[in-house]
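Visitor:
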Amino acid sequence: MTTARIIVGVDGSTGARTALEWAVDECRLRSCTLLVVYARQAHPDAAGPVGLGYDEVAERLLTRHAAAASARQPGVAVTTLLSGGPPASTLIDLSADAELVVVGTRGNSAFTSTMLGSISTRTAAHAHCAVAVVPQRLATRTDENERPVVVGVFAGHAGRLGFEFARDEARVRGARLRSVSAEPDAEPAENLLRAAEAAQLLVLGCLHSEDRWSSRLGAVPTAILHRATCPVIVVSELPQMSMTANEWRTP
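Just so you know, we're using the numbering used here here: the sequence shown kicks off at 2 and counts up by one.
1) When DSSP labels each residue in this structure, what does N58 get in the three-state scheme?
2) Measuring only the C-alpha atoms, how far is P149 from C231?
3) Can you round the beta-carbon distance between R61 and V25 to whole angstroms, since I take them to be within the 8 Å contact cut?
4) What is the DSSP secondary structure of R6, counted as helix, strand or coil?
5) Can L139 and V77 be called in contact, C-beta distance under 9 Å?
6) Classify F112 as helix, strand or coil using the three-state DSSP reduction.
7) Quick check: the Cα distance between H66 and Y55, rounded to an integer number of angstroms?
8) Within its chain, find whatever has a CB closer than 7 Å to the CB of E22; leave out the 5 residues flanking it on each side and keep chain order.
9) For T223, which of L202, A89, P189 has the nearest alpha-carbon?
10) Could you check if G1 is buried or exposed, using at least 16 other CB atoms within 10 Å of its CB as the buried criterion?
11) Return the CA-CA distance between V132 and L203, expressed in angstroms with no decimal places.
12) In the structure shown, what three-state DSSP assignment does T81 receive?
13) Given a threshold of 16 other Cβ atoms within 10 Å of its Cβ, counted over all protein chains shown, does R195 qualify as buried or as exposed?
14) Assuming G206 contacts G163 (C-beta within less than 8 Å), just tell me the rounded distance between them.
15) Can you say whether A183 is buried or exposed, counting buried as having 16 or more other CB atoms within 10 angstroms of its CB?
16) Would you kindly work out how many angstroms separate the C-alpha atoms of T64 and Y39, rounded to a whole number?
17) Assign P240 to buried or exposed, taking buried as 16 or more other Cβ atoms, counted over all protein chains shown, within 10 Å of its Cβ.
18) When DSSP builds the beta bridges, which residues end up paired with L35?
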């Protein structure tokens, strides 16, 4: 039986390190393996220290991230991948064989900050599995397990997918499920952001964009991804669940 895996995209920034830590914790919760991915095309003109090629610098970064993940959760199997392709396209392609893709919201400079935001939203819009977007400043809370899973509720297929995913997330975490209206006349972004302040996780159901190069998720999801204080999982279609993945969703 193939073990389900979680993929996390990194770039050496503080935000990526936060996403890595959250991802490896999820691996422990879900009995998944972790694949740490660095796409070197994100920094095509970057220069490494004297005497080191850029690939070697990237490999060292991946090694450090893998070591940090293993130190945080020793029971989780961690592997790495250095990709030469565009970051979002790499993560989207890899998501076809993943339980979850995890990305951060900010990069390590003004330029990469904007770029990583685009990577996050484009990955969430097109991935073949659920995508978790983790805020750069994720507070450590002693009452984390007591906080609810919040889901935006609205009519339609995407809304149903989001609710079903959130219900399973609440069950596996032993958390309460709180539903918040995401209908257009209910100020959905502000209502969901307020609810997210007291949540351990926010789940949104969204429709896939037909344009593979588009990073558009819609006004509400985009606003939430950039402003939420807790991790946000975007579900654009039912995840391709394996037997193993179904098992960890069983209470």
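Where a beta carbon is used, it is the ideal one built from N, C-alpha and C, also for glycine.
Guide: Considering the structure as presented:
1) In the sequence as displayed, the identity of residue 58 is Val instead of Asn. Note: V58 maps to helix in three-state DSSP.
2) Whole-angstrom Cα-Cα distance: 11 Å.
3) For R61 against V25, the beta-carbon gap comes to about 19 Å, at or over 8 Å, which does not count as contact.
4) strand
5) no
6) A caution first: F112 carries a pLDDT of 38, below 50, which makes its placement in the model too unreliable to give a value.
7) 17 Å
8) R73
9) P189
10) This structure cannot speak to residue 1, because the chain is shown only from 2 to 252.
11) 12 Å
12) Secondary structure of T81 (DSSP, three-state): strand.
13) Looking at its Cβ environment, which holds fewer than 16 other Cβ atoms inside 10 Å, R195 is exposed.
14) 2 Å
15) buried
16) 11 Å
17) Residue placement at P240 is poorly supported in this model, since its pLDDT is 42, which falls under 50; the coordinates still yield a value, given next. Result: buried.
18) I7, V79
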